[in-house]
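**Student:** Structure in structure tokens, see below.
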Amino acid sequence: LVQRGLQAQVRVVRTDKGTEFLNQTLCAYFAAEGIQHQTSVARTPEQNGVVERRNRTLVEAARTMLSAAKVPLFFWAEAIATACFTQNCSLVIPRHEKMPYHIINERKPSVKFFHIFGSVCYIVRDGENLDKIKEKGDECIFVGYSTQSRAYRVFNKRTRVIMESIHVNFDELPHMASVHIFQISFDPAPECQTMALEHNSLSPGRICPENVSHGDKT
């Protein structure tokens, strides 16, 4: 992707000594492409500082997204993938004055395609024999973007399965407003809730229910 998108030859690949990098298949590919494979010493992350700093940025972004959306922690992989995709489409590289997405695809990303991670959304139940009275959609949680096609990844609350679909209806702002309404509903009630006229003046004065005599109530 880097060689074809940027039209630049990859000369060196630096990784740690993980088993996913030290295998015959990857070594054969590096040898065929003329790529030098360098490895860092164990417990020495400073030798691969660029990757380590980038990994920290993604982890911090994913932690913030999970906390703000109040979703379970088992969505951490989806959060990191979404953070990576969003940053590649939003952060500008000073050297090129363009975003990585713009450099590789030679076009700017559409802002309308982005949505809030963890927001409520709805998809249509495709391929199911539904009655006229049954619900035609399922409530889902938006967890990211598809890497293979132009689609969204959503977690279906009914089937508890992550699905990919482009026919998604998002409900972001009402969900945010419901949180504020939930907080306001638990505010303490005011002590004085009624208005009455004082006996000695015509100006309105506040009077509490416990201060009203039995004769006034009747």
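Per the UniProt record's numbering: the sequence shown = residues 1 to 218. No residue lacks a Cβ here, since even glycine has one placed at the ideal position from N, Cα and C.
1. To which residues of the same chain is residue 66 closer than 7 Å at the C-beta, ignoring the five residues directly before and after it?
2. Taking the alpha-carbon positions, what's the residue 184 to residue 69 distance?
3. Count the other C-beta atoms from every protein chain shown that fall within 10 angstroms of the C-beta of residue 146, then say buried if there are 16 or more, exposed otherwise.
4. If distances are taken between C-alpha atoms only, which option among 48, 95, 83 and 131 comes closest to residue 114?
5. On a CA-only basis, which of 165, 126 and 125 is nearest residue 142? Give me that one, please.
6. Leaving out five residues before and five after residue 53 in sequence, what residues of the same chain have Cβ atoms less than 6 Å from its Cβ?
7. Label residue 27 either buried or exposed according to how many other C-beta atoms from any shown protein chain fall within 10 Å of its C-beta, with 16 as the threshold for buried.
8. Select from 158, 148, 23 and 13 the residue whose C-alpha is nearest the C-alpha of residue 50.
9. When we look at the beta-carbon of residue 29 and count the other beta-carbons within 10 Å, is it buried (16 or more) or exposed?
10. List the residues that DSSP assigns as beta-bridge partners of residue 155.
11. Could you give the residue range of the alpha helix (DSSP H) that holds residue 51?
12. Do you know how far the Cα of residue 24 is from the Cα of residue 137?
13. Return the chain-ordered list of same chain residues with a C-beta closer than 7 Å to the C-beta of residue 109, the five sequence neighbours on each side being excluded.
**Tutor:** Looking at the coordinates:
1. Within the same chain, Cβ atoms closer than 7 Å to the Cβ of residue 66 are found at 73, 75, 76 and 79, the five residues on either side in sequence being excluded.
2. Confidence at residue 184 is low in this model, with a pLDDT of 38, below 50, so its placement is unreliable and the value that follows should be read with caution. If you take the alpha carbons of residue 184 and residue 69, they lie about 20 Å apart.
3. Of the residues assessed, residue 146 falls on the exposed side of the cut-off, its CB having fewer than 16 other CB atoms within 10 angstroms.
4. Of 48, 95, 83 and 131, the residue nearest in Cα terms is 83.
5. It is 165 whose Cα lies nearest to the Cα of residue 142.
6. Result list for residue 53: empty, nothing under 6 Å.
7. Exposed is the call here.
8. Closest option to residue 50, judged by alpha-carbon separation, among 158, 148, 23 and 13: 13.
9. Using a 10 angstroms sphere on the CB of residue 29, the tally of other CB atoms stays under 16, which defines it as exposed.
10. According to DSSP, residue 155 bridges with 141 and 162.
11. Residue 51 -> alpha helix (DSSP H) spans 49-69.
12. Taken atom to atom, the span from the alpha-carbon of residue 137 to that of residue 24 is near 48 Å.
13. Close CB contacts of residue 109 within its chain, under the 7 Å cut and outside five residues either way in sequence, are with 89 and 101 (chain order).
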